Structures are given as structure tokens and as C-alpha cells.
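What follows is a single structure, written as C-alpha cells, with notes after it.
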Amino acid sequence: LLYSAARAQLVEQLIKPSIEKNVTIICDRYVDSFYAYQGFGRGIDFGLLMKVTDIAIGGIMPDITFFFDLAPEIGLKRRIEATGSDRIENEDMVFHRKVYDGYRELARRYPRRIKTIDASKPAEDVWKDVRRQIDSALGFIKSV
Numbered sequence: 007l008l009y010s011a012a013r014a015q016l017v018e019q020l021i022k023p024s025i026e027k028n029v030t031i032i033c034d035r036y037v038d039s040f041y042a043y044q045g046f047g048r049g050i051d052f053g054l055l056m057k058v059t060d061i062a063i064g065g066i067m068p069d070i071t072f073f074f075d076l077a078p079e080i081g082l083k084r085r086i087e088a089t090g091s092d093r094i095e096n097e098d099m100v101f102h103r104k105v106y107d108g109y110r111e112l113a114r115r116y117p118r119r120i121k122t123i124d125a126s127k128p129a130e131d132v133w134k135d136v137r138r139q140i141d142s143a144l145g146f147i148k149s150v
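If you read the sequence shown in the numbering used here, its first letter stands for residue 7, the second for the next number, and so on.
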């Protein structure tokens, strides 16, 4: 519930006012992370999570979400090298595999919104893929 309370505060204080001003919003974590970590990773009832989330965000969903598809072992190694480890990084690999599988399942369920990006490529190529998806979403190029 604490995550949902924080998300509700974020929506009310930052996201809604930004939407009203027609400001583009970029979040590095939002509802899909919550579902992946709490639902798939921790095994909390997905239906319950969706109900709590719906109350917290009032139906405000992202137009596009990027799932950076990378084996959890590699992603975890990169994260620890970049920022050190915290409570989440210290979880066992079974947990990280469940979270990864959760993200893959969410991308399968919501392919129009969640765009899968092959993050095993060099960073420059990953950025090009992201940019193509953004340009497509904004109508700058034909759908990819």
C-alpha cells in the first residue's frame, strides 16, 4: 500500500498538473514496475494490485512504456556496477527471474503500449531503437 500511496501522491502533485499544462512526462518507473516486482516477483495477487493501482492513479496510464529486454543476470550485473546494490538488487536470482518474466508477460498482454527493446545491443543501438519507437508514437515516422 505504501507504493500505491506514493504513486497517488506523484500523480496528484506532478503528473496531473503536467498533463493539464500539456507537458511531456518521462518516468523511469510506474505501474508496470509495480506489477512486475510486486505481482510477479513477490507473488501478490495481480487483481488486488490492479484495483489498488487504479485507485492510486485514477486511470492515468502511460502512452508508451519501454521494456528493456535483457537477461536478468546481465541486467543485475550492470545495475550493481553502475549504482551499487540495494534491497532489490540483494534479492536472489529466482526473484529477478520472476520479475523479468513478469515484464515479458506484461509486454505480451499490452503490446500496443509496451514496446520491447533488445537491451543486449550496444547502448547507441538501444537508443536508436527507443528513438524510433518515440518518433513512431509521435507520428514522425510510420509505425514500427
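The beta carbon of each residue, even a glycine, is placed where N, CA and C say it ideally should be.
Just so you know, these numbers come straight off a predicted model, no measurement behind them.
Contact set for R103: own chain, Cβ-Cβ below 8 Å, skip 5 residues either direction: P78
Residues sharing a beta bridge with T71, DSSP: I120
Give the secondary structure of A77 by DSSP, where H, G and I count as helix, E and B as strand, and everything else as coil. coil
N- and C-terminal bounds of the alpha helix (DSSP H) containing K127: K127 -> no alpha helix (DSSP H), and no H or E assigned at all.
In the structure shown, what three-state DSSP assignment does Y36 receive? coil
Determine the contact status of F46 and V105, defining contact as a CB-CB distance below 8 Å. yes
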